[in-house]
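J.: The working numbering applies: residue 29 is where the sequence shown begins, and numbers increase by one. We put the CB at the ideal spot given by N, CA and C, even for glycine.
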Amino acid sequence: MSIDYEQQTRDLKDSLCIEKVIGAYVHLQQKFGGKYIGLCPFHDDSHPSMHVHQGKQIFKCFACDAGGDVFSFIQQYERCSFVDAVKLLRERWGNGSEPLVMHTPRKVEKKPVVELPPAQQEAIEAANIRFLKSLSGFHPEVASQYDPDFAQTNGTGLDKPMDSEMKLSGVKAIEPSGKYHPDCHGIAQTYIDYEVGMAGMSVLHGFSAMAGRIIFPIRDAGGRLVGFAGRTTFNPTQEEKKHVQKYLNSKSDGLYKKSETLYGLFQAGNAIRNEGFCFLTEGYKDVLSMVAAGYPNSVAQCGAAFTNEQALLLKQYTNRVAVLMDADERGREIAAKAIHVLQSNGLQTCDLVLPPGEDPDSLFRRLGRQSFRAIIRESQLTDQIQSTTPKSELPLQATEEFGTLISDRPRLEAREAELRKQIGKLYDKRFITGAGPDRIQLNIDLMHLHTQLKQIGKQLNRPKVWH
Numbered sequence: 029m030s031i032d033y034e035q036q037t038r039d040l041k042d043s044l045c046i047e048k049v050i051g052a053y054v055h056l057q058q059k060f061g062g063k064y065i066g067l068c069p070f071h072d073d074s075h076p077s078m079h080v081h082q083g084k085q086i087f088k089c090f091a092c093d094a095g096g097d098v099f100s101f102i103q104q105y106e107r108c109s110f111v112d113a114v115k116l117l118r119e120r121w122g123n124g125s126e127p128l129v130m131h132t133p134r135k136v137e138k139k140p141v142v143e144l145p146p147a148q149q150e151a152i153e154a155a156n157i158r159f160l161k162s163l164s165g166f167h168p169e170v171a172s173q174y175d176p177d178f179a180q181t182n183g184t185g186l187d188k189p190m191d192s193e194m195k196l197s198g199v200k201a202i203e204p205s206g207k208y209h210p211d212c213h214g215i216a217q218t219y220i221d222y223e224v225g226m227a228g229m230s231v232l233h234g235f236s237a238m239a240g241r242i243i244f245p246i247r248d249a250g251g252r253l254v255g256f257a258g259r260t261t262f263n264p265t266q267e268e269k270k271h272v273q274k275y276l277n278s279k280s281d282g283l284y285k286k287s288e289t290l291y292g293l294f295q296a297g298n299a300i301r302n303e304g305f306c307f308l309t310e311g312y313k314d315v316l317s318m319v320a321a322g323y324p325n326s327v328a329q330c331g332a333a334f335t336n337e338q339a340l341l342l343k344q345y346t347n348r349v350a351v352l353m354d355a356d357e358r359g360r361e362i363a364a365k366a367i368h369v370l371q372s373n374g375l376q377t378c379d380l381v382l383p384p385g386e387d388p389d390s391l392f393r394r395l396g397r398q399s400f401r402a403i404i405r406e407s408q409l410t411d412q413i414q415s416t417t418p419k420s421e422l423p424l425q426a427t428e429e430f431g432t433l434i435s436d437r438p439r440l441e442a443r444e445a446e447l448r449k450q451i452g453k454l455y456d457k458r459f460i461t462g463a464g465p466d467r468i469q470l471n472i473d474l475m476h477l478h479t480q481l482k483q484i485g486k487q488l489n490r491p492k493v494w495h
């Protein structure tokens, strides 16, 4: 007798003990009443703030508001979809033998994808890793113009210890578009964190097209090294563009599926969930500059067009996307198409428009971190909020709420941090307060503070958890 997918997931959830599943990832300390506490893995936690409730089969962190059921925990920890979370839980903790029935929620007409055998995928990834390890931190010929210490870095990768001044000099060396503003501290470390390197003129077999280019490694949402993008070390003129491609990408194969991949999503996943929204940019360098400017929740589309598959991938992390494309005619066209695809898949969009002719990377490089952040906060919202619902039918509160994500976020985050601090102090005070009027007053004060925190959380679009 077959069982439908929803029934199977319910049965699986009923068979699991959330404290055992989470306990496999986090050291939990048992308290009274079937409750457990532990360090939260979703933020830098030094004092146990994650609570696991055995009876309700839920978890919640009172510091970062992460929470949900056992499926939610696996999705957030493993950075995977709901379907993959079900598969993982079933493989590791499920005890049923009934085959898992998978139903596609919607029909997507596209060319059939030839799925490579696991062994072949592993071989491709192994070759990618070898190529990544062969990259130089900085191009010797160009680097020597800035700092002789970079003259010989072949094969050392990007993890060579360097002080901040040397790092910035090195990033200038692989940046063909001009100098960085002095307030661009952090850009060098971002290049290192995202494994950006330089391919020599002699490269490994299979990567000849990448020779002599700046290399941007591309990882899928799970962290697999699936491909590369290679950029010229110069900005080609219109005449040169007839013979030289500014960017070359790994070909789409069974491992790298360009239409299903977002650059930087692996690094940005947790930040997107924490911030409640995502910046979608046009290029790889835009992501690096956004991250260096303090926006780690940034990704870029892979390929010329944003796809339904990429929209559905983002939807696993958030339902709100701030589109931030280049401020030229082509960039506006790309933004319009991306917004259409996002809306068609049920996501809300915010269209940020930069000064004419600029892009996130050029602005950050020219103005520095603080001025760049000010421009992002004050960017023109062409349609403040868009969704599948006509704007005229959206409540004013919804429109203002998403605009707040950009313009008023610093003030709200400061207030949120202060409220959490006050709540923590009151919990400590309640711990040593016996039953009576004082404890009742503490509970009332905590209730008021939690109400304020919940309201700010809604404005910041924090992930929804139980209250």
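#1: Going by alpha carbons, who is nearest to C89 out of Y105, L67 and C108?
#2: Rounded to the nearest angstrom, what separates G331 and H213 at their Cα positions?
#3: What first and last residue would you give for the beta strand (DSSP E) that runs through R259?
#4: Output yes or no for whether 8 Å exceeds the beta carbon distance between L380 and L253.
#5: Rounded to whole angstroms, how far is the Cβ of I215 from the Cβ of A320, which I believe are closer than 8 Å?
#6: Can you give me the Cβ contacts of K285 inside the same chain, cut-off strictly under 6 Å, excluding the 5 residues immediately before and after it?
#7: For F294, does the three-state DSSP call read helix, strand or coil?
#8: Taking the alpha-carbon positions, what's the T289 to A299 distance?
#9: Are the C-beta atoms of F256 and some chain B residue less than 8 Å apart?
#10: Which value, in whole angstroms, describes the spacing of the CA atoms of I102 and L352?
#11: Based on Cα-Cα distance, which residue from H75, A296 and A237 lies nearest to Q273?
#12: Using the C-alpha atoms, what's the distance from D281 back to L144?
#13: Using DSSP with H/G/I as helix, E/B as strand and the rest coil, what is Q104?
#14: Rounded to the nearest angstrom, what separates I50 and V98 at their Cα positions?
#15: Decide if the stretch 445–460 is in contact with the stretch 469–477; the criterion is three or more beta carbon pairs, one per stretch, under 8 Å apart.
#16: DSSP three-state call for A350: helix, strand or coil?
#17: Taking all protein chains shown into account, do 16 or more other C-beta atoms lie within 10 angstroms of the C-beta of E223, making it buried, or fewer, making it exposed?
#18: What first and last residue would you give for the beta strand (DSSP E) that runs through A320?
#19: Between the Cα of I46 and the Cα atoms of F70, D39, G83 and Q469, which residue gives the shortest distance?
#20: Which residue wins for smallest C-alpha separation from R401, given the options R107, Q469 and P324?
#21: Buried or exposed for P189, please, with buried defined as at least 16 other CB atoms from any protein chain shown within 10 angstroms of its CB.
#22: Quick one: Cα of L342 to Cα of Y275, how far?
#23: Let me know if S372 comes out buried or exposed under the rule of 16 or more other beta-carbons within 10 Å of its beta-carbon.
#24: If you draw a straight line from the alpha carbon of K279 to that of I152, how long is it in whole angstroms?
#25: Quick check on P383: does DSSP put it in helix, strand or coil?
#26: Is E303 buried or exposed, if buried means 16 or more other CB atoms sit within 10 Å of its CB?
#27: Give me the Cβ distance between G292 and S326, rounded to the nearest whole Å; I'm assuming they're in contact under 8 Å.
#28: If you follow the beta strand (DSSP E) that V80 is in, where does it begin and where does it stop?
#29: Roughly how many whole angstroms lie between the Cα atoms of N347 and P465?
#30: Anyone know if the C-beta pair for L496 and V369 falls short of 8 Å?
#31: Which residue marks the beginning of the alpha helix (DSSP H) containing R120, and which one marks its end?
#32: Pick helix, strand or coil for R360, following the three-state DSSP scheme.
#33: What's the call for S390, buried or exposed, on a 16-neighbour Cβ count within 10 Å?
#34: Following the continuous alpha helix (DSSP H) through P465, name the residue where it begins and the one where it ends.
#35: As a quick exercise: from R158, S287, F294 and L232, pick the residue whose alpha carbon is nearest that of D221.
#36: Our contact map puts R443 next to I484 with C-beta atoms below 8 Å; I'd like the distance itself, whole angstroms only.
T.: The relevant details are as follows:
#1: L67
#2: 29 Å
#3: L253 to R259
#4: no
#5: 4 Å
#6: For K285, where only same-chain residues beyond five positions count, there are no Cβ hits under 6 Å.
#7: helix
#8: 18 Å
#9: Of the protein chains in this structure there is only one, and it is not chain B.
#10: One alpha carbon belongs to I102, the other to L352, and they sit about 30 Å apart.
#11: Measuring from the Cα of Q273, the nearest candidate turns out to be A237.
#12: 8 Å
#13: helix
#14: 8 Å
#15: yes
#16: strand
#17: By the neighbour-count rule (16 or more Cβ atoms within 10 Å), E223 is buried.
#18: Segment Y312 to A320 is the alpha helix (DSSP H) holding A320; no beta strand (DSSP E) there.
#19: G83
#20: P324
#21: Confidence at P189 is low in this model, with a pLDDT of 38, below 50, so the placement of that residue should be treated as unreliable; the coordinate-derived value is given next. Classification for P189: exposed.
#22: 24 Å
#23: exposed
#24: 12 Å
#25: If DSSP states are grouped into helix, strand and coil, P383 belongs with coil.
#26: buried
#27: 6 Å
#28: M78 to H81
#29: Distance from the CA of N347 to the CA of P465, rounded to the nearest whole angstrom, comes to 44 Å.
#30: Examination of residue 496 is not possible in this model, given that the chain is present from 29 through 495 alone.
#31: F110 to R120
#32: helix
#33: buried
#34: Element bounds for P465: P465 to Q487.
#35: F294
#36: 6 Å
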